[in-house]
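Q: In UniProt numbering, the protein residues as written are 1 to 76. Glycine included, every Cβ here is placed at the ideal spot set by N, Cα and C. This is the structure I want to talk about, given as structure tokens.
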């Protein structure tokens with residue numbers, strides 16, 4: 001049975017493995033698992049593994065990354 005829901009949104013979503021997310025965020029795989037289990041990083045479970053939408057990783061990185069203006073903030 002073929003389902004044509006009229007929306008290609010799901011086809012455009014790119015899912016990453018926990019290892020790929022850890023590499024992008026420069027953290028351990030365990031840290032990614034903790035974020036997923038805490039609900040801070042959305043993920044879909046496929047069998048025994050998790051897949052994280054690439055857009056969720058980008059949003060998480062934007063939320064914790066300070067906006068860089070090309071210089072170092074002066075505390076004076």
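1. For residue 61, verify whether its CB is less than 7 Å away from any heavy atom of the ligand GTP.
2. At what residues does the alpha helix (DSSP H) containing residue 55 begin and finish?
3. Is the CB-CB distance between residue 21 and residue 64 below 8 Å?
4. For residue 12 and residue 27, I'd like the C-alpha separation in whole angstroms.
5. Could you spell out where the beta strand (DSSP E) holding residue 26 opens and where it closes?
A: Once the coordinates are examined:
1. Absent from the structure shown: the ligand GTP. Ligands present: none.
2. Per DSSP, residue 55 belongs to the alpha helix (DSSP H) from 54 to 64.
3. Their beta carbons are not under 8 Å apart, which means residue 21 does not touch residue 64 by this criterion.
4. Using only the alpha carbons, I get a separation of about 26 Å.
5. From DSSP, residue 26 is part of no beta strand (DSSP E); its letter is neither H nor E.
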